[in-house]
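Asks:
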Amino acid sequence: MIYQYKFEKILSIKEREKTDALAKYNAALKKFEEVAEKLYKLLKKKEELLEFQQEKLRNGLSVQDIRHHQLFMDNLEKLLSLCQQEVIEARYKMNTQRDILMERNIEVKKYEIMKENDFLEFLDVMKEAENKEMDEISIQQYLSKGVR
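All residue numbers for the sequence shown refer to full-length UniProt numbering, where the first residue is 1 and numbers rise by one.
1) Ile10: which of Asn95, Val108, Ile2, Glu37 sits nearest, CA to CA?
2) Use the C-beta contact count for Leu50: other C-beta atoms within 10 angstroms, 16 or more gives buried, fewer gives exposed.
3) Does the distance from the CB of Gln85 to the CB of His69 come in under 8 Å?
4) On the criterion of 16 or more Cβ atoms from any shown chain inside 10 Å, does Met94 qualify as buried, or is it exposed?
5) Tyr3 by DSSP, collapsed to three states: which one?
6) Run the CB neighbour count on Val35, radius 10 Å, all protein chains shown included, and call it buried at 16 or more, exposed below.
7) Taking Glu8 as the reference, give the member of Lys110, Asp99, Lys56 with the closest Cα.
8) Find the nearest neighbour of Glu103 within the set Tyr3, Lys115, Glu15, judged by alpha-carbon distance.
9) Within its chain, find whatever has a CB closer than 8 Å to the CB of Leu80; leave out the 5 residues flanking it on each side and keep chain order.
10) How many angstroms separate the CA atom of Cys83 from the CA atom of Thr96?
11) Leaving out five residues on either side along the sequence, give the residues of the same chain with a beta carbon under 8 Å from the beta carbon of Tyr5.
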């Protein structure tokens, strides 16, 4: 007798859902890392620009250059604000995908545990059937020897 798990199709569907969820989570994680890296570079650029501006102010700077730097800083601040919003959204999507992945993992684990328990039950039934068969063989042998 061959073992056949009654929920095999459901288990394979759940495993496929888990694989899909993992792929979506990895994509969300990659997107978050890219956006976070972009934010880091912008912050580093702002820091370097501030240091450069402070150095220029110590050495003397024309009003036109100060305005130019201030306008550039304002634009950089807007860019930073947008990038921070992107990071927040990417983090939210990544966390959502992680939660979905964890949920799918739990579902697959439940079906795997059910399969394992079902298989152990199948083995018990097979062992019981084998024992009955052995008992029957023993009885037949006893009867055949007793008849002689």
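Glycine is no exception: its CB is placed at the ideal position from the N, C-alpha and C atoms.
Replies: If we stick to the structure as given:
1) Val108
2) Leu50 is classed as exposed because its beta carbon has fewer than 16 other beta carbons within 10 Å across all chains shown.
3) no
4) Burial call: buried.
5) coil
6) Flag for Val35 reads buried.
7) Lys110
8) Glu15
9) Leu39, Leu42, Leu43, Lys46
10) Roughly 20 Å between the two C-alpha positions.
11) Leu11, Lys115, Asp118, Phe119
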